[in-house]
Amino acid sequence: MKRWLSGTFIAVYLSALVWGVGAHAMKFGVNSHPVMYYLVWDMFCGWSPYETRFHVMGEGVSGKYYELGPGPWPHFSPYGDLPRHQYDAYGSTFRKMAMNTLRHTEHEEMRRILVVQECWHKKYNLPDHLWAMRFEEPKDPYSYFWPFATYTGEGEMLTQNVDFLNNATAMSITDNPRLLSDARRGRPFFAINPTLREDAPMLQDPTAWAGPSLSAKPYAN
Amino acid sequence: MSSTFAMAREKLDRFFYAPEIPYGLALVRITLPIVMMSMILPRWIACREIFSLDGATAPLPLGYGYPFMFPEFSGTVAVALYTLMTLTLFTISLGYCTRLSLIVCSVLYAYFCNLDAISTMTKYSVITSHVLLLLACSHCGKLWSIDAWLAKRAGHEPDYAAGPAWPRRCLQLLIGIVYFGAAITKMNTPAFLSGDQLQFWMLTHINFKHPLGELLSLYPVLIKLMSYVAIVWEVTFVFLVWRGPWRSLVLATGILFHFMTVLTLGLMIFPMVCFSCYLCFLDETDVAHIREWWTTLLAKGTLWVKSIQRIFDAMPSPGAWAQRANGAYIACLPITLAFVGGGVGLEHWLDRYGDRRPEGRYTLKEVDPNFLARMLAPTARIRDTDKFFAVDTGTILVGDLLADRRKVFRHGETLIAQCNLTPPHEDMWIECKILDEGHRLVNRVGNIALREQFRSNFMYPITAAMEPGEYTLSFENGGREVLQRRITIVGDGRTANAN
Chain A
0 MKRWLSGTFI AVYLSALVWG VGAHAMKFGV NSHPVMYYLV WDMFCGWSPY
50 ETRFHVMGEG VSGKYYELGP GPWPHFSPYG DLPRHQYDAY GSTFRKMAMN
100 TLRHTEHEEM RRILVVQECW HKKYNLPDHL WAMRFEEPKD PYSYFWPFAT
150 YTGEGEMLTQ NVDFLNNATA MSITDNPRLL SDARRGRPFF AINPTLREDA
200 PMLQDPTAWA GPSLSAKPYA N
Chain B
0 MSSTFAMARE KLDRFFYAPE IPYGLALVRI TLPIVMMSMI LPRWIACREI
50 FSLDGATAPL PLGYGYPFMF PEFSGTVAVA LYTLMTLTLF TISLGYCTRL
100 SLIVCSVLYA YFCNLDAIST MTKYSVITSH VLLLLACSHC GKLWSIDAWL
150 AKRAGHEPDY AAGPAWPRRC LQLLIGIVYF GAAITKMNTP AFLSGDQLQF
200 WMLTHINFKH PLGELLSLYP VLIKLMSYVA IVWEVTFVFL VWRGPWRSLV
250 LATGILFHFM TVLTLGLMIF PMVCFSCYLC FLDETDVAHI REWWTTLLAK
300 GTLWVKSIQR IFDAMPSPGA WAQRANGAYI ACLPITLAFV GGGVGLEHWL
350 DRYGDRRPEG RYTLKEVDPN FLARMLAPTA RIRDTDKFFA VDTGTILVGD
400 LLADRRKVFR HGETLIAQCN LTPPHEDMWI ECKILDEGHR LVNRVGNIAL
450 REQFRSNFMY PITAAMEPGE YTLSFENGGR EVLQRRITIV GDGRTANAN
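Sequences listed follow chains A and B, in order.
Its first residue numbered 0, the first sequence is counted upward by one per residue in numbering that gives the first Met the number 0.
Its first residue numbered 0, the second sequence is counted upward by one per residue in numbering that gives the first Met the number 0.
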């Protein structure tokens, strides 16, 4: 019995590991279930040439802006000196974090909550002595600020944009009048977008960059 | 045919079921919880904020469309469970109620990781979850543990050879498959093999400090070479790690690889987890070799060896330990209750959110008005200078990367000016103008750089038509000057004619 159980365990366990590698190699069903996170070994998902930071702020009714991420208490830094919210690449918890900060602090009434993304080229991360080894021109760091999301003071979403780099990529593609004209010509008209069905799968409109959508938000669930 | 099948089956049987003393797994059991404490303990202070309804959780299943897969508890319950998990790390490492501790720890660790996809769940926590599960299935508590001493005292000599090898084999296969999967990821990432992504990773300031990475990012050829070595090693690991000289080579490469990720990428916990997992490759033969080596050292009588041996001698015998540990099992429940209760009380006293501070609750910090003005200004278009990483000059290309960066060129050589570009950038017309000391235009060459390109090379033969002296290379994008490079040309012209 013991032998039979252990044999089954070995077979199931190794099959699962092989399935994960196969699914990852063939790009099939990788995001089908949370368990896949335990079976897919995508440790090198890609690192962009730009460093990114997020600023979570609240705009009070007085017009003053306050930091909501991290909260005013000693912040937790998981992998160095950056606070936790800086590791949320998809921005799925900014609203929660902001509301948590508001729940545990004294503050005026908030008109809205803003998330601003800051990006700068990673070459400016080089320390000065290494910069001098590689570059002739003086170091001129510059940050781009991009409105990532806005929420009401109660945490309801008002706007959510793609991130700065995706937007910049889209801008570089739309810098082509012929392509843009073709894409607009081919866009269907729906009074109600089928992707807005409640049971529809998560979908990003692949032609969203061609212009404002006729009836849909960029993300629908 | 049937005999071949029978032989294969027998080999497989021996591979998974050969009885063995679990030296390797016992070492993994002792070291892994110590490594885990470096990630578990810092999170304990903030566990109310990270893992409870009284904070901001980031459940992993939410991203997969399963928002309610795991229950979320109140702050106090989350702290209690987290403290219990911390306790199990100690008991696992000491080998006290080992299997029960491993089961409890596996469940709680997977639960907490799943509640925090942004700062707790990583691939090293996934590997750790796998290892905890496999250790729970093993006999790792039968060696070098309180459980073993207690069993001895009760008159049951621990049966060291009773454990089948399969949990250790599964762990070894897991490590090999992890590397294989990681290699597939790299193969699917073209910018990895060109060295560009690794270069950007080395410049990323999101992990721990890694000054060597910043220095190495200046040498892309070396990075590219290391990328290929890493892929070959990752693919072959699972096939070569079992026996012979290859075993030592791939394991040594692994240790070097993970050590370099500390220095160049700022990874800390991942390499430590991998190092402790590597201990599962220790088998009875290795332990015998280590013992033999230790005996030889002892015979030589070196001072530090004798000192260590004295510490071993001073330790109580297993029997003595057993007597001191008398009643340890009975004490299990009150110890757990006291530890968890103490943890909950301490966390309450630390007052994470400052709700009970004498000066009142925290107030919000106002954003600096100057910084705010920059943040709320309209977003600027990406500057031309940010579409370029750097411009280098040299004469030798290796793997499309400039191998000899230099600024002095002789007649007869071919100058290569390499523009390193950084996406996102549009399709660009890049022009390289060569200007002499009087800033007069000597020549101009142009290239189209498509939006997916990371590099654009300009090749220019240095002939006698160019007088020796200082020149400036001016790089323009769409007619706008972006960067300049100064070069020096030496020679008397005859060399050029000879070539």
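All C-beta atoms in this analysis are idealised placements derived from N, C-alpha and C, irrespective of residue type, glycine included.
Excluding the 5 residues flanking residue i on each side, which residues of the same chain have their C-beta closer than 7 Å to its C-beta?
| i | result |
| --- | --- |
| Lys121(A) | Pro48, Tyr49 and Glu50 |
| Arg42(B) | Ile49 and Thr119 |
| Ala324(B) | With a pLDDT of 49 at Ala324(B), under the threshold of 50, the predicted position of this residue should be treated as unreliable, and no value is reported. |
| Val343(B) | Thr75, Val78, Ala79 and Thr82 |
| Phe191(B) | Lys185, Leu197 and Ser226 |
| Asn124(A) | Glu50 |
| Val304(B) | Leu296 and Leu297 |
Please go through the same chain and pick out, in chain order, the residues whose beta-carbon is closer than 8 Å to the beta-carbon of residue i, but skip the five residues on each side of it.
| i | result |
| --- | --- |
| Thr92(A) | His84 |
| Glu19(B) | Ala160, Gly162, Pro163, Ala164, Arg167, Asp282 and Glu283 |
| Val27(B) | Val130, Leu134, Cys139, Leu170, Ser275, Cys276, Leu278 and Cys279 |
| Ser142(A) | Glu117, Cys118 and Trp119 |
| Ser128(B) | Ser105, Tyr108, Ala109 and Cys112 |
| Ala480(B) | With the sequence shown as reference, residue 480(B) is identified as Glu, and Ala is not the correct amino acid for it. Within the same chain, Glu480(B) has close Cβ partners Ser473 and Phe474. |
Quick check on the DSSP output: the alpha helix (DSSP H) that includes residue i runs from which residue to which?
| i | result |
| --- | --- |
| Met170(A) | Phe163 to Thr173 |
| Ser14(A) | Lys1 to Met25 |
| Leu371(B) | Pro368 to Leu375 |
| Arg351(B) | Premise fails: Arg351(B) is in no alpha helix (DSSP H) and is neither H nor E. |
| Cys46(B) | Cys46 to Phe50 |
| Pro166(B) | Trp165 to Met186 |
| Lys10(B) | Ser1 to Tyr16 |
Please work out which residues of its chain come closer than 6 Å, Cβ to Cβ, to residue i, disregarding the five sequence neighbours upstream and downstream, and give them in chain order.
| i | result |
| --- | --- |
| Tyr64(A) | Met56 and Glu58 |
| Glu412(B) | Thr394 and Ile461 |
| Thr100(A) | Leu67 and Gly70 |
| Phe457(B) | Ala416, Cys431 and Val444 |
| Phe256(B) | none |
| Met0(A) | none |
| His54(A) | Val115 |
What number of angstroms, rounded off, separates the C-alpha of residue i from the C-alpha of residue j?
| i | j | result |
| --- | --- | --- |
| Ala321(B) | Gln196(B) | Bear in mind that the predicted position of Ala321(B) carries a pLDDT of just 47, short of 50, making it unreliable; the figure below should be weighed with that in mind. Roughly 55 Å between the two C-alpha positions. |
| Asp162(A) | Val339(B) | 43 Å |
| Asp87(A) | Met120(B) | 12 Å |
| Leu173(B) | Leu224(B) | 27 Å |
| Met6(B) | Arg246(B) | 24 Å |
| Pro60(B) | Tyr89(A) | 14 Å |
| Ile433(B) | Tyr470(B) | 7 Å |
| Leu349(B) | Pro73(A) | 11 Å |
| Gly478(B) | Ile447(B) | 13 Å |
| Trp3(A) | Ala10(A) | 11 Å |
| Pro467(B) | Val441(B) | 13 Å |
| Leu98(A) | Gly54(B) | Residue identity differs from the one stated: residue 98(A) is Met in this sequence, not Leu. If you take the alpha carbons of Met98(A) and Gly54(B), they lie about 9 Å apart. |
| Glu233(B) | Ile222(B) | 16 Å |
| Gly194(B) | Gly28(A) | 29 Å |
| Ala25(B) | Tyr12(A) | 21 Å |
| Pro58(B) | Thr362(B) | 28 Å |
Could you have a look at residue i and say whether DSSP puts it in helix, strand or coil?
| i | result |
| --- | --- |
| Leu281(B) | coil |
| Asn99(A) | helix |
| Asn206(B) | coil |
| Asp146(B) | helix |
| Gly398(B) | coil |
| Cys72(B) | Reading the sequence as shown, one finds Phe at residue 72(B) and not Cys. If DSSP states are grouped into helix, strand and coil, Phe72(B) belongs with coil. |
| Asn124(A) | helix |
| Asn442(B) | strand |
| Met120(B) | coil |
| Lys299(B) | helix |
| Lys141(B) | helix |
Going by DSSP, what residue range makes up the beta strand (DSSP E) through residue i?
| i | result |
| --- | --- |
| Leu67(A) | Tyr64 to Gly68 |
| Leu255(B) | Not the beta strand (DSSP E): Leu255(B) falls in the alpha helix (DSSP H), residues Gly243 to Leu264. |
| Asp41(A) | Per DSSP, Asp41(A) belongs to no beta strand (DSSP E) and is neither H nor E. |
| Arg382(B) | That residue, Arg382(B), is in no beta strand (DSSP E); it is neither H nor E in DSSP. |
| Thr471(B) | Gly468 to Asn476 |
>> Using a Cβ distance threshold of 8 Å, determine whether the region 164 to 180 of chain B contacts the region 57 to 74 of chain B, with at least three qualifying pairs required.
In response: no
> Touch check for the region 133 to 142 of chain B and the region 114 to 121 of chain B: three-plus C-beta pairs under 8 Å?
Replying inline: no
> Would the region 203 to 216 of chain B and the region 184 to 192 of chain B be scored as touching if the rule is three or more Cβ pairs under 8 Å?
Replying inline: no
>> Any contact between the region 395 to 414 of chain B and the region 482 to 490 of chain B? By contact I mean 3 or more CB pairs, one from each, below 8 Å.
In response: yes
> Is it a yes or a no for the region 123 to 136 of chain A touching the region 155 to 175 of chain A, going by three-plus beta-carbon pairs under 8 Å?
Replying inline: no
> How do the region 142 to 157 of chain A and the region 108 to 116 of chain A stand: do at least 3 beta-carbon pairs fall below 8 Å, yes or no?
Replying inline: Result yes; three or more Cβ-Cβ pairs closer than 8 Å.
> So, do the region 259 to 272 of chain B and the region 8 to 24 of chain B have three or more beta carbon pairs nearer to each other than 8 Å?
Replying inline: When Cβ pairs closer than 8 Å are counted between the two stretches, the region 259 to 272 of chain B is seen not to touch the region 8 to 24 of chain B, the count staying below three.
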